[in-house]
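Q:
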């Protein structure tokens with residue numbers, strides 16, 4: 047056994063000219079193995095609950111906007127002149143926007159573990175629901191900004207309406223991604239469930 051200098055670090059060389067340091071790598075310590083195993087396990091609960099909590103937050107916010115918005119939409123269709131924008135409260139609108147945005151962006155920048163299921167029909171139904179949400183966005187936008195059925199809307203109300211429509215658009219993208227993930231797990235060309243027996 048002799049030493050060979052590699053830079054400033056001595057390297058042991060055996061009789062065959064091979065590096066003894068590389069031939070016998072140092073095994074990792076038990077503590078290092080335990081830390082590497084414990085670290086993913088510690089992150090598992092956070093990633094497990096991130097998607098359901100964030101998606102529920104978005105769903106609650108979208109439900110508030112749709113329920114309240116449909117009621118106002120029906121009122122405007124019945125009697126547009128009776129609508130007073132100044133008397134309408136903005137508390138529910140701001141709360142719904144905050145719920146959707148707070149749940150959407152964490153899932154966008156840090157994709158969490160989605161439900162493990164694969165069903166082509168269910169995936170298509172979820173994607174269809176996302177299109178229904180977008181139909182609400184287009185209907186309100188057309189009613190307010192294209193047909194201009196409401197006159198003299200304050201600028202801050204216009205910004206609030208746009209923020210609600212943008213939040214619904216974000217929720218539509220989230221539902222669409224969920225439906226695509228569910229449908230992607232089902233193999234195409236396979237026999238449908240009702241014909242497998």
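In the numbering used here, the protein residues as written are 47 to 243. All C-beta atoms in this analysis are idealised placements derived from N, C-alpha and C, irrespective of residue type, glycine included. If you're wondering where the values come from, they're calculated on a predicted model, not measured in any experiment.
Suppose the cutoff is 7 Å on Cβ atoms and the five residues either side in sequence are ignored; what does the same chain contact list for residue 108 look like?
A: Residue mapping note: residue 108 aligns to position 62 of the chain shown, counting from 1. Taken in chain order, the residues that qualify are 146, 179, 214, 217.
Q: With distances taken Cα to Cα, identify the nearest neighbour of residue 106 among 118, 136, 150.
A: On the chain shown, position 60 is the one that residue 106 refers to. Closest option to residue 106, Cα to Cα, is 150.
Q: Nearest CA to the CA of residue 164: which residue from 155, 97, 229, 98?
A: Sequence index remark: in the chain shown, residue 164 carries index 118 (1-based). Nearest C-alpha to residue 164: 229.
Q: With H, G and I counted as helix, E and B as strand and the rest as coil, what does DSSP make of residue 200?
A: On the chain shown, position 154 is the one that residue 200 refers to. Three-state DSSP puts residue 200 in coil, outside helix and strand.
Q: Just to confirm, are residue 153 and residue 100 a CB contact at a threshold of 8 Å?
A: Taking the chain shown and counting its residues from 1, one reaches residue 153 at position 107. Taking the chain shown and counting its residues from 1, one reaches residue 100 at position 54. Contact: yes.
Q: Just how far apart, CA to CA, sit residue 174 and residue 223?
A: For the purposes of this step, residue 174 is taken as residue 128 along the chain shown, with counting starting at 1. For the purposes of this step, residue 223 is taken as residue 177 along the chain shown, with counting starting at 1. If you take the alpha carbons of residue 174 and residue 223, they lie about 12 Å apart.
Q: Note the first and the last residue of the continuous alpha helix (DSSP H) segment covering residue 156.
A: Residue numbering aside, residue 156 sits at position 110 when the chain shown is read from its first letter. First-last for residue 156: undefined, no H or E at that position.
Q: Under three-state DSSP, which class holds residue 109?
A: Stepping through the chain shown from its first residue, residue 109 is reached at position 63. If DSSP states are grouped into helix, strand and coil, residue 109 belongs with the helices.
Q: Going by the CB atoms, is the gap between residue 115 and residue 169 shorter than 8 Å?
A: On the chain shown, residue 169 is found 123 positions in, with the first residue counted as 1. On the chain shown, residue 115 is found 69 positions in, with the first residue counted as 1. The criterion of a C-beta distance shorter than 8 Å is not satisfied by residue 169 and residue 115.
Q: In the DSSP assignment, find the alpha helix (DSSP H) that holds residue 179 and state where it starts and stops.
A: On the chain shown, residue 179 is found 133 positions in, with the first residue counted as 1. Run containing residue 179: 166 to 187, per the alpha helix (DSSP H) assignment.
Q: How many angstroms separate the CA atom of residue 85 from the CA atom of residue 201?
A: As a position in the chain shown, residue 85 is number 39, starting the count at 1. As a position in the chain shown, residue 201 is number 155, starting the count at 1. Interpretation of residue 85 is limited by its pLDDT of 43, a score under 50 that renders its predicted location unreliable; the figure taken from the coordinates is listed afterwards. Those two C-alpha atoms are separated by around 50 Å.
Q: Would you say residue 174 lies against chain C (beta-carbon separation less than 8 Å)?
A: As a matter of chain content, chain C is missing from the structure shown, which is built from one protein chain.
Q: Give the C-beta separation of residue 142 and residue 110 to the nearest angstrom, bearing in mind that I take them to be a contact with Cβ-Cβ under 8 Å.
A: Here residue 142 refers to the residue found at position 96 when the chain shown is read from its first residue. Here residue 110 refers to the residue found at position 64 when the chain shown is read from its first residue. Indeed, because the Cβ distance is near 4 Å, the residues count as touching under 8 Å.
Q: Taking the CB atoms as reference points, tell me whether residue 207 and residue 190 lie closer together than 8 Å.
A: On the chain shown, position 161 is the one that residue 207 refers to. On the chain shown, position 144 is the one that residue 190 refers to. In this structure, residue 190 lies closer than 8 Å to residue 207 by Cβ.
Q: Is residue 204 buried or exposed, if buried means 16 or more other CB atoms sit within 10 Å of its CB?
A: The sequence position of residue 204 within the chain shown is 158, counting from 1. With fewer than 16 other Cβ atoms within 10 Å, it is exposed.
Q: Would residue 221 pass as a contact of residue 186 if the rule is Cβ separation under 8 Å?
A: As a first step, residue 221 must be located in the chain shown, where it is residue number 175. As a first step, residue 186 must be located in the chain shown, where it is residue number 140. No. Outside cutoff.
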